[in-house]
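Step one of this worksheet: look at the structure below.
Protein chains: 2
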Amino acid sequence: MPEKRYTVRFEPDDVSIDVYREAENLLRVAMVAGVHVNASCGGAGTCGKCKVKILEGEFRTKPTAKLSDAETKQGYCLACQTEILGDLIVEVPVESRYEKGVLARQLNRVAPEHVLAPARLGAEFAALRSDPAVVKYFAALTPPSEDNNGSDMGRLGQFLKQEYGVEQVTTDFAVMRELSQVLRAGTWQVTATVVDDIRAGRRMTHVGPGDTRGRTYCLAIDIGTTTIHGSLLDVNSGEEVAHAGDYNSQISMGEDVISRIVHSQKAGGLEALQKRVVKTMNGVIAELLDKAEVAPGEVSHAVFAGNTTMTQLFLGLNPKYIREAPYVPTANFFPPFKLADLGLAVPPQVTGFVAPCVASYVGGDITAGVLATGIHLSPLLTLFMDVGTNGEIVIGNQDWMVSASASAGPAFEGGGVKFGMRATYGAIEQIRVNPENFEPMILTIGQTAPKGICGSGMIDVLAEFALAGVISQNGKINQDLAAVTNRVRAGETGWEYVLCWKDQTQLDQDLVICEPDIDNLIRTKGSIYAACSVLLKSVGLQFTDLERIILAGGFGHYIDVEKAMAIGLLPEVAPEIVTYGGNTSLTGSKLAALFRDKMEEMEAVATMITNIELSASHIFMDEYVAALFLPHTRMEEFPLQRERLKAMGAIH
Amino acid sequence: MPEKRYTVRFEPDDVSIDVYREAENLLRVAMVAGVHVNASCGGAGTCGKCKVKILEGEFRTKPTAKLSDAETKQGYCLACQTEILGDLIVEVPVESRYEKGVLARQLNRVAPEHVLAPARLGAEFAALRSDPAVVKYFAALTPPSEDNNGSDMGRLGQFLKQEYGVEQVTTDFAVMRELSQVLRAGTWQVTATVVDDIRAGRRMTHVGPGDTRGRTYCLAIDIGTTTIHGSLLDVNSGEEVAHAGDYNSQISMGEDVISRIVHSQKAGGLEALQKRVVKTMNGVIAELLDKAEVAPGEVSHAVFAGNTTMTQLFLGLNPKYIREAPYVPTANFFPPFKLADLGLAVPPQVTGFVAPCVASYVGGDITAGVLATGIHLSPLLTLFMDVGTNGEIVIGNQDWMVSASASAGPAFEGGGVKFGMRATYGAIEQIRVNPENFEPMILTIGQTAPKGICGSGMIDVLAEFALAGVISQNGKINQDLAAVTNRVRAGETGWEYVLCWKDQTQLDQDLVICEPDIDNLIRTKGSIYAACSVLLKSVGLQFTDLERIILAGGFGHYIDVEKAMAIGLLPEVAPEIVTYGGNTSLTGSKLAALFRDKMEEMEAVATMITNIELSASHIFMDEYVAALFLPHTRMEEFPLQRERLKAMGAIH
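Chains as they are written, first to last, in the numbering used here: chain A, 1 to 652; chain B, 1 to 652.
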C-alpha cells in the first residue's frame with residue numbers, strides 16, 4: 001500500500017477518506033468515498049455541476065467561468081478542477097445531496113485498497129533477479145598468438161566458460177558471420193549476449209565491441225484482440241522503462257477472434273492478419289524505444305502473450321480449427337524464434353518466446369496471468385478472471401488448476417454497447433446516480449469530455465441503475481421515471497438513459513445507455529458468472545470456498561468490486577479477498593522476459609491447467625440462463641444485494 | 001577382396017597376375033603386373049604401340065587399322081583395346097621388352113591389394129544402424145473429439161511419446177504452419193520426420209500425410225576446393241543410391257584456398273563465393289536426386305565436410321584471418337542449420353550439419369576422414385595423409401591425435417605442373433618408362449586420348465624417371481639422353497620429356513614433363529614428408545613406429561604405394577600397412593549423415609586432435625630442405641631405394 005498523505009472530510013454527511021496521492025483530484029476522491037457530487041461532463045470542467053465549497057485546508061483549483069468571483073472568494077470550486085494539497089473539509093452543496101434515507105440503498109463505500117490500480121511490480125522483479133533470461137557477458141580476451149591460435153569462437157567460448165562458468169552455448173550463424181571483425185574492432189574486448197531459450201538451450205545471439213552490459217533491455221508484449229500493449233524492461237534493474245500500446249490493426253479484419261479466424265480462411269487472409277499484428281507491434285516497439293531512448297540493438301529478448309487465436313495469427317499458424325468443434329488449436333507450446341523472422345523491425349539477434357496456451361479459448365494471456373498472479377505458487381484457492389473479449393476463468397492453487405472460457409462477448413470491452421469503448425481517454429470509467437433526482441456523477445479517464453463508456457463504467461451503469469431503480473432486475477428501464485427526469489426517455493431504439501448531454505461530450509449526440517446495451521451487459525456478466533459457477537461445480541466446490549479472487553483484463557482503470565457483486569458479475573464474497581491484477585498478461589510476459597525460471601514456470605502452468613469445454617455443456621446453458629438477472633435468479637447467493645433491493649422495495 | 005576371375009601370364013618374362021574384374025583391360029593388367037608394354041596414347045587405341053600376341057585364352061578386342069588382317073589372324077591385338085574373358089597367355093613383342101638385367105632397378109610388382117580402390121562401405125554402414133540421425137515415425141492418430149480436444153501438436157507429440165518413446169522434440173514453425181491441414185489431409189495418418197541435431201536436440205522437421213517411412217534419404221557432401229562430391233543415401237538400407245560430383249564453380253575466383261580468401265575480401269566477394277559453392281552443390285544435388293529418382297521432399301538431412309576455408313565460405317563466415325598469422329579461423333564447430341537458409345535448392349525442412357574443423361588448415365574434411373577410417377577407435381598408431389591442394393596429416397590412435405598441414409601446393413592436384421590436371425577422363429594416371437629405350441607406357445582414366453596428368457601419374461613420373469635415369473636425384477633431366485631418344489629434348493622452358501606426341505593427345509601440342517614440373521612435384525612431396533617427419537618427432541616417434549598408413553584425397557584412382565616410397569613421398573615401410581581410403585571426407589560425411597553417434601564422434605574427433613603449426617617452425621624448414629631430393633638426402637631412411645639406385649649406378 002502507498003503511504004497516506006491527506007484526509008478529506010465531506011460535509012454534511014461526515015464522510016472521511018484517506019488520500020494517497022499528492023495533488024489528487026477532488027471529484028475522483030468524492031467518487032471513491034461514495035459521496036455523490038453531480039457531474040455530467042466526466043471531469044472536463046465544462047458542466048460546472050460539481051461545485052463544492054472548501055471549508056478548510058490547502059488546495060489548488062483552476063480558474064473557471066462557471067463560478068462567479070464572489071463564489072470563488074467564498075471557497076467554492078469545481079471538484080473536478082481541484083487538486084488536494086492538504087487535509088480538507090469539503091461541503092457538498094444541497095443540489096448534489098440526497099437524503100440519508102436512501103443511503104440504505106447505497107453500497108458500502110469502497111475501501112481504497114479495493115479500488116485497485118495494477119500492482120507496480122518493478123521492485124518485486126528486481127528482487128527476483130536470480131536466473132535471468134538474458135545475460136550480457138563482458139570478455140577481455142587475450143589476442144591470438146602463434147602458441148594460441150584457436151578459433152575466434154573457441155577463444156570467446158573458453159573465456160565465458162572459465163570466467164563465468166557458461167557452457168554449452170550454441171552460437172547463431174549471424175554472430176559467427178560478424179565475429180572475426182567484431183573481435184578485432186573491439187580490440188578483443190567484447191560483450192556477448194547469451195539468451196537462455198528454454199528447450200533450445202543457451203544461445204549466443206550477439207557479440208559487440210566494448211562493454212555494453214549496462215544497456216540490456218527486453219520486451220514484453222501483450223497481444224490483445226483489440227489492443228497491443230508493450231513494455232520495455234531494463235534487465236539490469238528489472239524496471240519497466242517504457243510502456244506503450246495501440247489498437248491491434250487487425251481490427252479492420254474483424255472485431256473478435258471468430259471474425260479474425262473467418263478472415264484468415266480467405267486467400268492471403270492469414271498472411272495479411274499476421275502482417276497487421278506485426279505492423280502494430282512495430283509501432284509499439286518503436287514508441288517504447290523512443291520513449292526510453294533505447295537503441296534497437298540494445299534489445300536482446302522478447303516475450304509475447306496473447307489468446308490462442310492471437311498467438312496463432314502472430315506466428316502464422318492456421319487458426320481454422322479453433323473455430324470448429326471440437327475446437328482444436330494447432331499448438332499450445334511454441335519453440336523459441338527470432339523476431340525478425342516474423343517481420344518485426346528489430347535487429348536479427350532479438351529472440352522471442354511466446355507464452356504457451358492451454359486450449360483454443362484459454363491462451364497464453366491466461367498462462368501469463370496465472371504466472372503474474374502466482375496462483376500456481378499459492379496454497380490459496382483462487383478464482384482468476386480475465387474479462388476481455390472473452391471471459392477466461394482459472395480456478396485452483398499450487399496443486400491443481402482448471403480453466404474455462406465463457407463466450408462472454410465484448411460488452412465490457414465496448415462491443416455491443418452503443419457508446420462502449422476501451423478504457424482510454426474520454427471513456428467514462430466511474431458513474432454514480434443520485435437515487436432521488438437521477439442525476440449522474442461521471443468521471444472519465446483523463447477527465448476530458450466524455451466520448452464513450454468503458455468496462456468499469458458499465459459495471460457502474462448496471463449497479464447504479466439497478467440500485468437507483470432506473471432499471472429493473474431483468475434490465476428493463478423504468479419508464480415511469482420519464483415523468484421525473486428528462487434523462488429517461490424513449491429514444492430511437494427504445495427506452496434509454498442520457499448519461500451526458502451532447503454539448504458536454506466529444507460527440508455530436510447525447511451519450512445514452514439503451515436497453516439493448518443493458519441486455520448485452522447482462523448477458524456478458526451472466527456468462528462469466530455461469531462459467532465460474534460450472535467450473536467450481538466441476539471440481540466439487542462452491543463460491544464460498546474461494547479464498548482469493550483476482551480480476552484481470554479490460555475492465556478499465558478502476559473496478560468497484562462491490563458493484564461487480566451487486567450486478568452478479570462477481571459472487572458475493574468478502575470484498576477484501578478480491579484484488580485487481582491489471583494487465584496480468586503483460587505482467588506475466590514481463591516476468592518471463594526477465595527470468596528464465598519464469599519462462600519455465602509459464603510452461604509448467606500451461607501443462608498444469610486442465611481446460612473444461614463449456615460450449616457443449618447443458619449445465620452451463622442452465623447456469624447462464626439463471627444468471628441473466630440482476631444480480632441473479634438465485635437471490636440466495638446474493639444476500640447483501642437482496643437486502644438492498646428489499647430496502648428499495650424492489651423485492652419482498 | 002573381390003573374387004579372382006582369371007589369370008594372365010605374360011611371356012617371355014613369365015609374369016602372372018590375377019584379374020578380379022570381368023572384361024578387365026589387358027593394358028591395365030600389364031601395367032599392374034609391372035610388365036612394360038609401349039603405350040603412348042593413354043589407351044585410346046590411336047598410337048598402335050601396345051601390340052601384343054594372345055597365345056592362348058578367351059578375349060574380346062576392337063578392330064583397329066593399326067593391325068593388318070594377317071596380324072589379327074595370328075592373334076595380335078592392341079592391349080589397350082582388349083578385354084580379358086578368360087585365363088590368358090600373352091606374348092609381349094620384342095619392341096616393348098627390355099632386358100632382365102635392368103629388372104633389378106624395377107620396383108617389386110605391386111600386389112593388387114595395394115592398388116586400392118576406395119572401400120565400399122555400404123554394407124558396413126548397414127551394420128551400424130543403431131542410432132540414426134534421422135527417423136521417420138508413422139502416426140495413426142485418434143481424431144479429436146469433445147472429450148479429447150488438445151492441440152494438433154500435442155496429439156502428435158503424445159503419440160510419438162507413447163508409441164515410440166520419443167520425447168523432448170522441438171518442432172519447427174514451418175511444420176506447425178502446415179500441421180492442421182496435413183493431419184486432416186492425411187485423415188490423421190501421418191509421418192513425422194525427427195532429426196536428432198546434436199547440440200540443438202531432437203527437432204521435428206516435417207510432417208506429411210500417409211506412411212512415407214520407406215522413402216527416407218540423406219545427403220553427404222564433400223566440399224573440395226576443386227571438386228564437390230555428393231552422395232545420396234537411403235537411410236533405411238544405409239546404402240548409397242547415387243553419387244555425383246562437379247568442379248567447385250568458385251574456381252573462377254581462385255584456384256586454391258588462399259586466392260579464394262583474397263577474393264572474399266573484395267566487395268561482395270564473400271557473398272559471391274558463398275553463392276558459387278551453393279550453385280555447384282545445387283547442381284550436384286539435382287543430379288543425385290535425378291539419378292536415384294528421389295524427390296527433394298524425401299531428403300531429410302545432410303552432412304557437409306570441407307577444409308576450414310571451404311567450410312567458412314559455404315557458411316558465409318569471413319575467412320580473412322585464416323590467411324594471416326597466427327592463422328585463426330572464425331569457428332571450428334558449427335550449429336545445425338537449414339539448407340534452404342544457405343540458398344540450397346531443397347525443401348525448407350532439410351537440416352544440415354557441418355563437420356567440425358581442427359584449425360585453419362586442418363578442416364572438417366580431415367575430421368570426417370578420421371571418422372571414416374576409424375583412427376580414433378583403433379589402438380594402431382596410424383598416419384593419415386590427405387593430399388589435395390594442401391597436404392593434411394594426422395598421426396595418432398584411439399588415445400591421442402596430432403595434426404599438421406603442409407603447404408604442399410597443388411602439384412598432385414594438377415597445379416604448378418604444366419599439363420597437370422585432376423583425376424578425370426583423359427588424365428594420365430599410370431606411367432611406366434622402359435629403362436632401355438625410354439619409351440613410356442601410359443594409361444589414362446577412361447582410356448581416352450591424354451590431355452594431362454593427374455596425381456598418381458605424377459608419382460609415377462617421379463619414380464619412373466628416377467629409376468630409368470631420366471632425371472637425377474635432385475630432379476634435373478639427364479641431357480645426355482637426348483642422344484638416345486627424341487623424347488628428351490630442350491624445350492622452350494628448359495629441358496623436358498615428351499610423354500605423348502601431339503597427334504595422340506587431345507591437345508594441340510606435345511604433352512611434356514619439364515624441369516619446373518619436376519621441381520614442383522619434389523617440393524610437394526618434400527613438404528608432405530617433412531610435415532610427417534616433424535609431426536612424428538613432436539610426439540617423440542619415428543616412421544618405424546607406424547602401424548598403419550592411410551592415404552586419402554586427390555591422388556587419383558590408383559596410387560602405387562611402392563612408387564610413392566621410391567620418390568620419398570611416403571616413408572619406406574612394409575607396403576601392406578599402407579591403404580588407400582579414397583574420398584574419406586565424403587565417407588565420413590556419409591557416416592555422420594546416417595548416424596547420430598557418428599555426428600557426435602566427429603565432434604569428439606575434432607576436440608581430440610591437437611594441431612601443430614608448421615609454418616613458423618625452423619625444424620620444419622630444415623626437414624623440408626632435406627626432403628627436396630629423390631627420395632631424400634637422408635638415404636638411410638630409404639634403404640630399398642638406395643639399393644636400387646646403387647644397382648643403377650646412380651649412387652655408390
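No residue lacks a Cβ here, since even glycine has one placed at the ideal position from N, Cα and C.
Q. Can the beta-carbon of B/Val92 be found closer than 9 Å to that of B/Glu11?
A. Residue numbering aside, residue 92 of chain B sits at position 92 when the second sequence is read from its first letter. Residue numbering aside, residue 11 of chain B sits at position 11 when the second sequence is read from its first letter. Their beta carbons are under 9 Å apart, which means B/Val92 touches B/Glu11 by this criterion.
Q: Starting from B/Phe337, find everything on chain A with Cβ-Cβ shorter than 7 Å and list it in chain order.
A: In the second sequence, residue 337 of chain B corresponds to position 337, counting from 1. The answer, in chain order, is Phe173.
Q | Distance CB(A/Glu562)-CB(A/Pro575) smaller than 9 Å | A | Counting from 1 along the first sequence, the entry for residue 562 of chain A is found at position 562. Counting from 1 along the first sequence, the entry for residue 575 of chain A is found at position 575. Result yes, Cβ atoms of A/Glu562 and A/Pro575 sit closer than 9 Å.
Q | Distance between B/Cys454 and B/Lys73 (C-alpha atoms, nearest Å) | A | If you number the second sequence from 1, residue 73 of chain B lands on position 73. If you number the second sequence from 1, residue 454 of chain B lands on position 454. C-alpha separation (whole angstroms): 37 Å.
Q: Below 8 Å CB to CB, which residues in the same chain sit around A/Ser378 once its five sequence neighbours on both sides are set aside?
A: In the first sequence, residue 378 of chain A corresponds to position 378, counting from 1. Within the same chain, A/Ser378 has close Cβ partners Asn397, Gln398, Arg548.
Q) Given a threshold of 16 other Cβ atoms within 10 Å of its Cβ, counted over all protein chains shown, does B/Ser300 qualify as buried or as exposed? A) Residue numbering aside, residue 300 of chain B sits at position 300 when the second sequence is read from its first letter. It counts as buried.
Q | Rounded C-alpha distance that separates A/Glu124 from A/Ile577 | A | The count along the first sequence starts at 1 and reaches residue 124 of chain A at position 124. The count along the first sequence starts at 1 and reaches residue 577 of chain A at position 577. Its pLDDT being 46, under 50, A/Glu124 is placed unreliably in this model, and the value from its coordinates should be taken loosely. Taking the straight line joining both Cα atoms gives about 21 Å.
Q: Along the alpha helix (DSSP H) that carries A/Arg177, what are the first and last residues, could you check?
A: Numbered from its first residue, the first sequence carries residue 177 of chain A at position 177. Segment 173-185, the alpha helix (DSSP H) holding A/Arg177.
(Q) Is there a C-beta anywhere in chain C that falls below 9 Å from the one on A/Cys47? (A) Going by chain labels, chain C is absent from the structure shown, which instead holds the protein chains A and B.
Q. Which chain B residues sit within Cβ distance under 9 Å of A/Gly316?
A. By 1-based counting over the first sequence, the position of residue 316 of chain A is 316. Within chain B, the residues near A/Gly316 are Phe173, Met176, Arg177.
Q.
Tell me which residues share the same chain as A/Ala552 and place their Cβ nearer than 6 Å to its Cβ, disregarding the 5 neighbours each side in the sequence.
A. Translated into the one-based positions of the first sequence, residue 552 of chain A becomes position 552. If we look at A/Ala552 and ignore the five residues flanking it on each side, its Cβ neighbours are Gly369, Asp386, Gly581, Thr584.
Q) Whose C-alpha, out of B/Gly343, B/Thr280, B/Glu392, is nearest the C-alpha of B/Ile550? A) Numbered from its first residue, the second sequence carries residue 550 of chain B at position 550. The residue with the shortest Cα to Cα distance from B/Ile550 is B/Glu392.
Q) B/Met385 lies in the beta strand (DSSP E); which residues open and close that run? A) Here the question's residue 385 of chain B lines up with position 385 in the second sequence. Here the beta strand (DSSP E) through B/Met385 covers 382-387.
Q: Would you identify the three-state DSSP class for B/Gly455, choosing helix, strand or coil?
A: In the second sequence, counting from the first residue as 1, residue 455 of chain B sits at position 455. It is helical.
Q) So does the segment 167-187 of chain B actually touch the segment 294-313 of chain B, counting three or more Cβ pairs closer than 8 Å? A) Judged by Cβ distances under 8 Å, the segment 167-187 of chain B makes no contact with the segment 294-313 of chain B, as fewer than three pairs qualify.
Q) Mind checking whether A/Leu160 and A/Val195 have CB atoms under 9 Å apart? A) For the purposes of this step, residue 160 of chain A is taken as the residue at position 160 of the first sequence. For the purposes of this step, residue 195 of chain A is taken as the residue at position 195 of the first sequence. No, they are not a contact pair.
Q) Quick one: Cα of B/Ala44 to Cα of B/Thr382, how far? A) Counting from 1 along the second sequence, the entry for residue 44 of chain B is found at position 44. Counting from 1 along the second sequence, the entry for residue 382 of chain B is found at position 382. Their backbone Cα atoms lie some 39 Å apart in a straight line.
**Q.** Members of the segment 600-612 of chain A that neighbour chain B once the beta carbon cut-off is set at 7 Å
**A.** none
Q | Assigned exposure category for B/Arg439 - 16 Cβ within 10 Å defines buried | A | For the purposes of this step, residue 439 of chain B is taken as the residue at position 439 of the second sequence. It is worth fixing the name first, because residue 439 of chain B is Glu in this sequence and not Arg. Per the 10 Å Cβ criterion, buried.
**Q.** Contiguous alpha helix (DSSP H) assignments of at least 4 residues, all confined to the segment 41-90 of chain A
**A.** 69-74
Q | is_contact[B/Met401, chain A] using C-beta, thresh 9 Å | A | Position 401 of the second sequence holds residue 401 of chain B. No, B/Met401 does not count as interfacial toward chain A.
Q. Which one of B/Gln250, B/Asp622, B/Leu645, B/Met621 has the shortest CA to CA distance from B/Pro631?
A. Your numbering for residue 631 of chain B matches position 631 in the second sequence. When only C-alpha atoms are compared, the closest one is B/Leu645.
Q. Is DSSP giving B/Cys514 helix, strand or coil here?
A. On the second sequence, residue 514 of chain B is found 514 positions in, with the first residue counted as 1. B/Cys514: strand per DSSP, three-state reduction.
Q: Kindly list the residues whose CB is nearer than 7 Å to the CB of A/Thr330, restricted to its own chain and excluding five residues on each side of it in sequence; keep chain order.
A: Here residue 330 of chain A is taken as the residue at index 330 of the first sequence, counted from 1. Exclusion of the five residues before and after A/Thr330 leaves Gln312, Leu317, Asn318 as the residues of its chain whose Cβ lies within less than 7 Å of its Cβ.
Q: Compare the C-alpha of B/Gly86 against each of B/Met204, B/Arg5, B/Leu315, B/Leu499 and name the closest.
A: Taking the first residue of the second sequence as 1, we reach residue 86 of chain B at position 86. Ranking the options by Cα distance to B/Gly86, first place goes to B/Arg5.
Q. Run through DSSP, which three-state label would A/Leu569 get?
A. By 1-based counting over the first sequence, the position of residue 569 of chain A is 569. If DSSP states are grouped into helix, strand and coil, A/Leu569 belongs with coil.
Q) From what residue to what residue does the alpha helix (DSSP H) around B/Tyr580 run? A) What you label residue 580 of chain B is simply residue 580 of the second sequence in a count that begins at 1. Premise fails: B/Tyr580 lies in the beta strand (DSSP E), 578-582, not in any alpha helix (DSSP H).
Q | Own chain, CB closer than 7 Å to A/His263, minus 5 neighbours either side, in chain order | A | Your numbering for residue 263 of chain A matches position 263 in the first sequence. Closer than 7 Å at Cβ, skipping near neighbours: Met253, Gly254, Gly269, Leu273.
Q) When we look at the beta-carbon of A/Trp400 and count the other beta-carbons within 10 Å, is it buried (16 or more) or exposed? A) Here residue 400 of chain A refers to the residue found at position 400 when the first sequence is read from its first residue. Counting Cβ neighbours within 10 Å, A/Trp400 comes out exposed, since fewer than 16 surround it.
(Q) So that I know if they touch, is there some Cβ in chain B lying closer than 9 Å to that of A/Tyr137? (A) The sequence position of residue 137 of chain A within the first sequence is 137, counting from 1. Against chain B, the CB of A/Tyr137 has no partner CB under 9 Å away; the residue lies outside that interface.
Q.
My parser needs the beta strand (DSSP E) runs of 3 or more residues fully inside the segment 308-385 of chain A; what are they?
A. 351-354
Q) For A/Lys590, does the count of other Cβ atoms within 10 angstroms reach 16, so buried, or fall short, so exposed? A) Here residue 590 of chain A corresponds to residue number 590 of the first sequence, with the count starting at 1. When all chains shown are included, A/Lys590 counts as buried.
Q: Please list the residues of the segment 145-159 of chain A that have a C-beta atom closer than 9 Å to any C-beta atom in chain B, keeping them in chain order.
A: Ser145, Glu146, Asp147, Asn148, Asn149, Gly150, Ser151, Asp152, Met153, Gly154, Arg155, Gly157
Q | A/Lys66 to A/Ala490 span [Cα, whole Å] | A | Working through the first sequence from its first residue, we reach residue 66 of chain A at position 66. Working through the first sequence from its first residue, we reach residue 490 of chain A at position 490. So the two alpha carbons sit approximately 31 Å from each other.
Q: Under 8 Å by Cβ, that's how I've got A/Thr82 and A/Ala449 pegged, so tell me the actual separation to the nearest angstrom.
A: On the first sequence, residue 82 of chain A is found 82 positions in, with the first residue counted as 1. On the first sequence, residue 449 of chain A is found 449 positions in, with the first residue counted as 1. 18 Å between Cβ atoms; not a contact.
Q) For the candidate residues B/Glu56, B/Leu78, B/Ser68, B/His243, whose alpha-carbon lies nearest to that of B/Leu27? A) The count along the second sequence starts at 1 and reaches residue 27 of chain B at position 27. Minimum Cα distance to B/Leu27 is reached at B/Leu78.
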